[in-house]
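In our numbering, the protein residues as written are 511 to 835. Shown next, in structure tokens, is the structure this report addresses.
Shown next, in the form of structure tokens:
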């Protein structure tokens, strides 16, 4: 079934996404009907901007809603100084960037350390912190995920290479990834260096239907404390490598070969040319990756936010494999 087309909208205030959202039971809504489809009984209903009530999705009886207000309260408790950038859709999906004062230089550009949290009321984009979802299994040997915010194009960049300790380990994995062995992930790559267990990792082992707001907020609190304290990891080195790798004539048609829809590739091409003019810079893998990221998260598409992040990760690895070849 084709998903509804939507274009992410920008916001800079929690008020834009912290509107009331509540479950409405089908049995209460349709008291005169016997409902046989018992696996889906709970309507997720929100009221954006005080307007009409909107049904974002229909979930099972034990599904727990994570209100954006619950996320806001934990962030405000832990982070005193931050800038907020939100990308959200009318279909009830949210990508929340908490932009921190700490800076990192990539090729002379100043990037800000950030926290990227995703959430949804339609069930299409799971709650995640730095790309790690509630149901993913943690690995005590793996580095914590990071993210950076790039002011030039308002991009939130997830640290897709962070599970690796060394560039050589990442390059070795890329060879397997290029052969289609994407499940051969990084669990073995970090074992050469012991790491402490990630605080709050238990949150990702709890099923969404078992959450209460109190449990969710406590585990989110633990996770955010850990991520706030974490230093930039391997992805920052890959960004620098991208910046130092020029796009050659043989690479000029690369955008057409990336695993993204054709229309998004065209928009990425336009964005790439624009940034070359804005920055008075020659094309590089850094600009190409950011152009794709910009197109993915600004274009109208039937892709969910979760789909867009998955494609962003694939593009990152694709460009990395090509740049190291």
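Beta carbons: idealized from backbone N, C-alpha and C, even for Gly.
Using DSSP with H/G/I as helix, E/B as strand and the rest coil, what is residue i?
i           : result
residue 666 : strand
residue 774 : helix
residue 725 : helix
residue 627 : strand
residue 767 : helix
residue 562 : coil
residue 808 : helix
residue 700 : Bear in mind that the predicted position of residue 700 carries a pLDDT of just 45, short of 50, making it too unreliable to give a figure here.
residue 686 : helix
What does the alpha-carbon distance come out to for the pair residue i and residue j?
i           : j           : result
residue 596 : residue 662 : 16 Å
residue 626 : residue 641 : 8 Å
residue 779 : residue 542 : 55 Å
residue 537 : residue 545 : 7 Å
residue 806 : residue 516 : 12 Å
residue 613 : residue 675 : 21 Å
residue 713 : residue 787 : Residue placement at residue 713 is flagged as unreliable, the pLDDT there being 44, under the threshold of 50; the coordinate-derived value follows with that caveat. One C-alpha to the other measures close to 45 Å.
Buried or exposed: residue i, going by 16 or more other Cβ atoms within 10 Å of its Cβ?
i           : result
residue 699 : Bear in mind that a pLDDT of 45 at residue 699, under 50, signals an unreliable position, so the model cannot answer this.
residue 633 : buried
residue 683 : buried
residue 637 : buried
residue 772 : exposed
residue 520 : exposed
residue 840 : Residue 840 is absent from the structure shown; the chain starts at 511 and stops at 835.
residue 603 : buried
residue 796 : buried
residue 563 : exposed
residue 530 : exposed
residue 822 : buried
Relative to the alpha-carbon of residue i, which residue among the options has its alpha-carbon at the smallest distance?
i           : options               : result
residue 553 : 573, 725, 543 and 754 : 573
residue 518 : 666, 768, 610 and 605 : 605
residue 725 : 538, 618 and 575      : 575
residue 761 : 794, 754, 736 and 781 : 794
residue 802 : 678, 608, 635 and 784 : 784
residue 835 : 685, 811 and 620      : 685
Apart from the five residues just before and just after residue i, which ones in its own chain have a Cβ nearer than 6 Å to its Cβ?
i           : result
residue 824 : 769
residue 671 : 680, 744, 745 and 748
residue 809 : 774 and 777
residue 568 : 550 and 553
residue 594 : 522
Taking 7 Å as the limit between beta carbons, can you name the residues of its chain near residue i, skipping five residues before and five after?
i           : result
residue 766 : 775
residue 656 : 640, 669, 672, 740, 742, 743 and 745
residue 584 : 727, 730, 731 and 734
residue 532 : 555
Spatial neighbours of residue i within its chain, please: CB distance less than 8 Å, with the 5 preceding and 5 following residues excluded, ordered by chain position.
i           : result
residue 570 : 549, 550, 551, 552 and 719
residue 688 : 831
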